[in-house]
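S.K.:
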Amino acid sequence: MIKINESFKELIPPLTSEEYEGLEKSIIDEGCRDAIVLWNNTIIDGHNRYEICTKHGISFETISKEFESENDAKMWM
Numbered sequence: 001m002i003k004i005n006e007s008f009k010e011l012i013p014p015l016t017s018e019e020y021e022g023l024e025k026s027i028i029d030e031g032c033r034d035a036i037v038l039w040n041n042t043i044i045d046g047h048n049r050y051e052i053c054t055k056h057g058i059s060f061e062t063i064s065k066e067f068e069s070e071n072d073a074k075m076w077m
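Counting from 1, one number per residue, gives the positions in the sequence shown under the working numbering.
#1: What does the alpha-carbon distance come out to for the pair isoleucine 36 and threonine 62?
#2: With DSSP as the reference, label leucine 11 as helix, strand or coil.
#3: If leucine 11 sits next to lysine 74, beta carbons under 8 Å apart, how far is it from one beta carbon to the other, in whole angstroms?
#4: Relative to the alpha-carbon of serine 64, which residue among Lys9, Thr42, Ser26, Asn5 has its alpha-carbon at the smallest distance?
#5: Whose CA, out of Glu68, Lys55, Tyr50, lies closest to the CA of isoleucine 4?
Right, here's the structure in full:
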């Protein structure tokens with residue numbers, strides 16, 4: 001099960017409404033081209049893509065990264 005850690009999510013600058021709408025249109029039209037990146041089943045890259053894909057029932061790929069600690073994962077972000 002994919003988890004969302006708010007402290008990770010807060011590190012990502014929010015998209016403007018125009019950027020979000022553009023990303024949403026792109027994913028609806030072309031699918032999710034970039035994998036959602038996970039650490040210990042927690043999203044560290046792709047929060048917006050994940051939200052859009054789950055909202056619209058669009059499939060997506062995931063890849064897992066290995067880090068020694070939460071701080072190391074945050075540094076990668």
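The beta carbon of each residue, even a glycine, is placed where N, CA and C say it ideally should be.
For clarity, every value in this text was computed on a predicted model and none was experimentally measured.
M.R.: Per the coordinate set shown:
#1: Here residue 36 is taken as the residue at index 36 of the sequence shown, counted from 1. Here residue 62 is taken as the residue at index 62 of the sequence shown, counted from 1. Between isoleucine 36 and threonine 62, the C-alpha separation is close to 5 Å.
#2: Working through the sequence shown from its first residue, we reach residue 11 at position 11. Note: leucine 11 maps to coil in three-state DSSP.
#3: What you label residue 11 is simply residue 11 of the sequence shown in a count that begins at 1. What you label residue 74 is simply residue 74 of the sequence shown in a count that begins at 1. That belief holds up - the Cβ atoms of leucine 11 and lysine 74 are roughly 6 Å apart, short of 8 Å.
#4: To locate residue 64, count along the sequence shown from 1; it is residue 64. For serine 64, the nearest C-alpha among the options comes from Thr42.
#5: For the purposes of this step, residue 4 is taken as residue 4 along the sequence shown, with counting starting at 1. Nearest of Glu68, Lys55, Tyr50 to isoleucine 4, Cα basis: Tyr50.
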